[in-house]
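Novice: Take a look at this one; I'll ask things after.
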Amino acid sequence: MADARHLSILKELERKVLWLSTWTIHNANHLRANEDGMKIGGHQASSASLSTILAALYFSVLRPEDRVAVKPHASPVYHAIQYLFGRQTREKLENFRGYKGAQSYPSRTKDIDDVDFSTGSVGLGVAQTLFASLVQDYVKAHGWMKDAPEGRMISLVGDAEMDEGNIFEALLEGWKHGIRNTWWIIDYNRQSLDAVIREGLWQRFEALFRNFGWDVVVLKHGSLMQAAFKEPGGEKLRDWIDSCPNQLYSALTYQGGAAWRKRLLDDLGDQGPVTRLIEKRSDEELAELMANLGGHDLPSLLDAFEKARQHDRPVCFLAYTIKGFGLPLAGHKDNHSGMLTPSQMEAWQKTQGVRPGHEWDKFEGLKVPQAEVERFLSAVPFIQKGTRCYTAPQVPVPEKLAFPANPAMSTQQGFGFILNELARSDNPLASRIVTTAPDVTVSTNLGAWVNRRGLYARESLVDTFKKERIPSTYNWEFSPSGQHIELGIAEMNLFIVLSALGLSHSLFGERILPIGTLYDPFIYRGADALNYACYQDARFMIVATPSGVTLAPEGGAHQSIGTPLVGMAQDGLASFEPAFVDELAVIMRWAFDYMQREGGEPDERTWLRDETGGSVYLRLSTRNLEQPQREMTPELADDIRAGAYWLRKPGPNAQVVVAYTGAVAPEAIEAVGLMAEDRRDIGLLAITSADRLNAGWTAAQRARERGLVHARSHVERLLGDVPPHCGLVTVIDGHPATLAWMGSVMGHRTRSLGVEHFGQTGTVKDLYRHFGIDAQGIIAAAEMIAPGRPMRHLRAV
Ligand SMILES: Cc1ncc(C[n+]2csc(CCOP(=O)(O)OP(=O)(O)O)c2C)c(N)n1
Ligand SMILES: [Mg+2]
């Protein structure tokens, strides 16, 4: 138990945090000039409901190794706490939600105060903590933790946030992996954005968490309440509280002491001792008693957290709270976006003992001497180890990645071969790679890697088929040294585990190079989690295969159309779609390096932000293609990484250039061969990354607009010598907009071929014909934009 002095300082700090967070929002909305006339917002009520829990955690319970995802709307409380630690500045708080100010929702990358996990899209930060604890176990199992203590991965969860399905997907996956050291603290204020939540939800939560092997700690009655229940008549009060509907409790909280008295006496009056229990309290005392729910009671919170520290089982704390706790808008069902009015603020400021003009003073209005609070703050365990964002040394990447020289292969097979070669090598890079897939390990060609490197589990599990000597292609053995994390079919989980693995250097100081595989169309299933992972600057490689209508017989439900545009538009993700395996090897080699870079200036050659580093998306195919027999020169490798190279350079009088991406390479090559008799000097451009080609071009234009007249991007150099009258036909097994912008680079007339509508079952030939992305389709397009004599090989189709 914390001693009385510790508690009274904590209580004061809790009050200070509530003050500062409420003031931060008030300042942003009422005092800072807002030219747009737009409400800045800030969620005073949502913040307030977590002020006690966050104060207990940060000022007393947390240790430096613990990591926390704070519910998005409690951002002002988080920033206020860091401000008291000296890790957040007054300028940023004054500029809360402003340009370069403290962020609306805690952000690892944009905030300066050591945010552990970004939050914003509800549900994702919650799952992130579970997978971070899985990664902590992985780091430990591989012997990299040394004697560092294990941290708790903690999430502050809104009760309405619990509606997000990805939380339940994570729970199930966590159970399979024997998750430990994870605390989810549900802020049970019984309010969502729009309304008051369903009655009895807590019982569903309790049963659910227990079902998945979690401890459940319900923090409903605070210590004042518990003491009152022990008074004569106290049991009756307890029964009344426990059967009070959520709506009524909220409404009475909002109305205050007099309303509590009236209602309680109406219901419990003339019943002997309980009446006296109520009557002997002033209105103020009664309101304090009724607001003393577990989530606002420091002794109960400290006690519960302390007990949970004694073991490593996952714990769900169901903490009853009041939305808007301590504020005049407490409990009102419309308070989500509500804000104290200037006159309410003025009155409340007086009660807090904060003099006008001293609102940002850290020690203003505290009832404990400043020196004592300062001593307390500097001894807080959480801040004893300095900055919390670690770095890890870069793992060297070999000069070349090997693969067998098969005359024909698909890029998906090539990916499997490259990993297999790494798996059987003793290259240090291989020991830092971890693969993961949502039940598509075998079908995305990870089998050979897994056979050699094994599956990861905290406890070993033999492959019964192997033990029984039943022949099988795959060795499915789990052990703590395994390097593949097998997931159930949930792409959300895939991206969140990649996010956690891809932050290992920053969270645990140990570099991991994660590779996740999935079928390309199912990127959409996890797109928000992918965006979240990138927003946090996690570093990973996704290998999406198969893709497009090229997986013809699988039909329209498995064929992806828009994913190349996802790859282009997603910040923090460099995407590639190679056609040949030698290209893939160059890209993967670069990717392992790129995933580890941290900051720097744009490359003057391509204008890409390569030094900044990021994650990588490879869109691969199962289509078996004849492989070019060629030497990989440094120039060619450079071009492949920059996004394109000439397979056939157009001559000075070129009439047509065909630019293709990915699996349609044979169609583009065939079309160019057939057209060569009827159009002069045809060019064939192989595009390995529409994303990087486009990004370099945009950046070079921006640079020129800023006065750097010599800035020139890769695509500008490639197309610069192509005569202006030349037509450009682009082709991709994906949405044609992916390459359509190329016509604007030098003003070439362009026709972009691709897939715009859902496909169906058929052969590759059938579907390429149907969508006009076969050789005939390319020739027909070329004839229209590059007129001349009729193309002899164009058949009427
Ligand atoms: C994925 C997603 N959908 C919708 C929102 C908008 N939104 C923000 S908070 C919120 C409800 C919050 O309720 P709760 O989790 O109970 O937190 P409280 O406000 O009660 O603290 C919603 C719908 C969001 N941030 N993320
Ligand atoms: Mg809520």
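When the letters of the sequence shown are read in order and numbered with my numbering, they come out as residues 5 to 801. Idealized CB from N, CA, C, for every residue including glycine.
Based on the DSSP output, what are the partners of Glu1 in its beta bridges?
Specialist: Residue 1 lies beyond the stretch modelled for the chain, which goes from 5 to 801, so this question has no answer here.
Novice: In whole angstroms, give me the CA-to-CA distance for Asp685 and Phe469.
Specialist: Sequence index remark: in the sequence shown, residue 685 carries index 681 (1-based). Sequence index remark: in the sequence shown, residue 469 carries index 465 (1-based). Between Asp685 and Phe469, the C-alpha separation is close to 60 Å.
Novice: For the candidate residues Thr56, Ile85, Ser137, Arg436, whose alpha-carbon lies nearest to that of Ala295?
Specialist: For the purposes of this step, residue 295 is taken as residue 291 along the sequence shown, with counting starting at 1. Answer by Cα proximity: Thr56.
Novice: If you check the beta carbons only, do Ala548 and Asp575 fall under 8 Å apart?
Specialist: Locating residue 548 in the sequence shown gives position 544, counting from the first residue. Locating residue 575 in the sequence shown gives position 571, counting from the first residue. Contact flag unset, no.
Novice: For Arg289, report the span of its beta strand (DSSP E) as first-last.
Specialist: The residue you call residue 289 lines up with position 285 of the sequence shown. Correcting the residue type first, residue 289 is Glu in the shown sequence and not Arg. No beta strand (DSSP E) contains Glu289, which is instead part of the alpha helix (DSSP H) from 287-294.
Novice: Taking contact to mean at least 3 C-beta pairs separated by less than 8 Å, is the stretch 511-521 in contact with the stretch 431-444?
Specialist: With the cut-off at 8 Å, the stretch 511-521 and the stretch 431-444 touch.
Novice: Here's a check: name, in chain order, each residue in its chain whose Cβ is nearer than 8 Å to the Cβ of Pro153, leaving out the five neighbours to either side.
Specialist: The residue labelled residue 153 in the question sits at position 149 within the sequence shown. The answer, listed in chain order, is Arg67, Glu69.
Novice: Where do the N-terminal and C-terminal ends of the alpha helix (DSSP H) with Ala232 fall, by residue?
Specialist: As a working note, residue 232 is residue 228 in the sequence shown. It spans 227-234 - the alpha helix (DSSP H) in which Ala232 sits, taken as one unbroken run.
Novice: If you measure between the beta carbons of Phe596 and Leu517, is that distance less than 8 Å?
Specialist: Sequence index remark: in the sequence shown, residue 596 carries index 592 (1-based). Sequence index remark: in the sequence shown, residue 517 carries index 513 (1-based). Yes, Cβ-Cβ distance for Phe596 and Leu517 is below 8 Å.
Novice: Is the beta carbon of His47 sitting closer than 8 Å to the one on His340?
Specialist: As a working mapping, residue 47 is identified with position 43 in the sequence shown. As a working mapping, residue 340 is identified with position 336 in the sequence shown. Yes, they are a contact pair.
Novice: Taking the alpha carbon of Arg208 as the reference point, which residue from Leu511, Met166, Ser447 has its own alpha carbon closest?
Specialist: Counting from one through the sequence shown, the residue named residue 208 turns up at place 204. Selected option, being the one with the closest Cα: Met166.
Novice: Let's test the definition: count the other Cβ atoms within 10 Å of the Cβ of Pro740 and tell me whether it reaches 16, buried, or not, exposed.
Specialist: Within the sequence shown, the letter at position 736 stands for residue 740. Pro740 is buried by the Cβ-count criterion.
Novice: So Leu223 is in the beta strand (DSSP E); what residue range does that whole segment cover?
Specialist: Taking the sequence shown and counting its residues from 1, one reaches residue 223 at position 219. Start and end: 219-223.
Novice: Can you determine whether any heavy atom of ligand 1 sits closer than 7 Å to the C-beta of Gly127, and answer yes or no?
Specialist: Taking the first residue of the sequence shown as 1, we reach residue 127 at position 123. The answer is yes for Gly127.
Novice: Assuming Phe309 contacts Val65 under a Cβ cut-off of 8 Å, what Cβ separation, rounded to an integer in Å, is found between them?
Specialist: On the sequence shown, position 305 is the one that residue 309 refers to. On the sequence shown, position 61 is the one that residue 65 refers to. The pair is a contact, with the Cβ atoms about 4 Å apart (cut-off 8 Å).
Novice: May I ask whether a heavy atom of ligand 2 can be found less than 7 Å away from the beta carbon of Asn193?
Specialist: The residue you call residue 193 lines up with position 189 of the sequence shown. Answer for Asn193: yes, Cβ within range of ligand 2.
Novice: Could you tell me if His225 is buried or exposed, where buried requires 16 or more neighbouring beta carbons within 10 angstroms of its beta carbon?
Specialist: Translated into the one-based positions of the sequence shown, residue 225 becomes position 221. Looking at its Cβ environment, which holds 16 or more other Cβ atoms inside 10 Å, His225 is buried.
Novice: According to DSSP, Thr440 sits in a beta bridge with which residue or residues?
Specialist: As a first step, residue 440 must be located in the sequence shown, where it is residue number 436. Answer by DSSP bridge pairing, in chain order: Ile489, Gly520.
Novice: Could you compute how far the alpha carbon of Asp778 sits from the alpha carbon of Phe544?
Specialist: Translated into the one-based positions of the sequence shown, residue 778 becomes position 774. Translated into the one-based positions of the sequence shown, residue 544 becomes position 540. In a straight line, the C-alpha of Asp778 is about 34 Å away from that of Phe544.
Novice: In this structure, what does DSSP give as the bridge partners for Asp338?
Specialist: The count along the sequence shown starts at 1 and reaches residue 338 at position 334. According to DSSP, which records beta bridges pairwise, Asp338 is partnered with nothing at all.
Novice: Using a Cβ-Cβ cutoff of less than 6 Å, which residues in the same chain neighbour Phe216 once the five nearest sequence positions on both sides are dropped?
Specialist: As a first step, residue 216 must be located in the sequence shown, where it is residue number 212. Excluding residues within five positions, the ones whose Cβ falls inside 6 Å are Leu175, Trp179.
Novice: Sorted by chain position, which residues of the same chain lie with C-beta nearer than 8 Å to Leu491's C-beta, five sequence neighbours on each side aside?
Specialist: For the purposes of this step, residue 491 is identified with residue 487 of the sequence shown, where counting begins at 1. If we look at Leu491 and ignore the five residues flanking it on each side, its Cβ neighbours are Glu177, Thr440, Ala441, Pro442, Asp443, Asn497, Leu498, Val501.
Novice: Which two residues bound the contiguous beta strand (DSSP E) that contains Leu322?
Specialist: Counting from 1 along the sequence shown, the entry for residue 322 is found at position 318. Segment 319-324, the beta strand (DSSP E) holding Leu322.
Novice: Leaving out five residues on either side along the sequence, give the residues of the same chain with a beta carbon under 6 Å from the beta carbon of Glu581.
Specialist: Taking the sequence shown and counting its residues from 1, the one referred to as residue 581 is at position 577. The residues are Arg623, Thr665, Gly666.
Novice: For a test of the three-state rule: what should DSSP assign to Thr742, helix, strand or coil?
Specialist: On the sequence shown, position 738 is the one that residue 742 refers to. Helix.
Novice: Does DSSP classify Tyr528 as helix, strand or coil?
Specialist: As a working mapping, residue 528 is identified with position 524 in the sequence shown. Tyr528: helix per DSSP, three-state reduction.
Novice: Is the distance from the Cβ of Val726 to the Cβ of Met746 below 8 Å?
Specialist: Counted from its first residue, the sequence shown places residue 726 at position 722. Counted from its first residue, the sequence shown places residue 746 at position 742. No.
Novice: Are the beta-carbon atoms of Arg91 and Asp120 separated by less than 8 Å?
Specialist: Here residue 91 refers to the residue found at position 87 when the sequence shown is read from its first residue. Here residue 120 refers to the residue found at position 116 when the sequence shown is read from its first residue. No, the Cβ-Cβ distance between Arg91 and Asp120 is not below 8 Å.
Novice: Going by alpha carbons, who is nearest to Gly124 out of Ser159, Arg242, Leu723?
Specialist: As a first step, residue 124 is located in the sequence shown; it is residue number 120 there, counting from the start. Ranking Ser159, Arg242, Leu723 by Cα distance to Gly124 puts Ser159 first.
Novice: Does the beta-carbon of Ala334, which I'm using as the reference point, lie nearer than 7 Å to any heavy atom of ligand 1?
Specialist: Here residue 334 is taken as the residue at index 330 of the sequence shown, counted from 1. The answer is no for Ala334.
Novice: Do the CB positions of Ile171 and Val221 come within less than 8 Å of each other?
Specialist: Here residue 171 refers to the residue found at position 167 of the sequence shown. Here residue 221 refers to the residue found at position 217 of the sequence shown. No. Outside cutoff.
Novice: Check whether the Cβ of Ser196 lies closer than 7 Å to any heavy atom of ligand 2, and answer yes or no.
Specialist: Counting from 1 along the sequence shown, the entry for residue 196 is found at position 192. Because some heavy atom of ligand 2 lies under 7 Å away, the Cβ of Ser196 counts as near it: yes.
Novice: Suppose you measure from the CA of Val278 to the CA of Leu297; what does that come to, to the nearest Å?
Specialist: Sequence index remark: in the sequence shown, residue 278 carries index 274 (1-based). Sequence index remark: in the sequence shown, residue 297 carries index 293 (1-based). Their backbone Cα atoms lie some 19 Å apart in a straight line.
Novice: Measuring from the CB of Asp316, is there a heavy atom of ligand 2 at a distance below 7 Å?
Specialist: Mapped onto the sequence shown, residue 316 falls at position 312. No, Cβ of Asp316 sits at least 7 Å from all heavy atoms of ligand 2.
Novice: Which same chain residues end up closer than 6 Å to Thr113 when comparing Cβ atoms and leaving out the 5 residues on each side of it in sequence?
Specialist: For the purposes of this step, residue 113 is identified with residue 109 of the sequence shown, where counting begins at 1. Same-chain partners within the cutoff: Asp541.
Novice: Taking only runs of the beta strand (DSSP E) that begin and end inside the stretch 613-698, which ones reach a length of at least 3 residues, in chain order?
Specialist: For the stretch 613-698, whole beta strand (DSSP E) runs of length 3 or above, ordered along the chain, are 619-623, 648-652, 660-665, 687-691.
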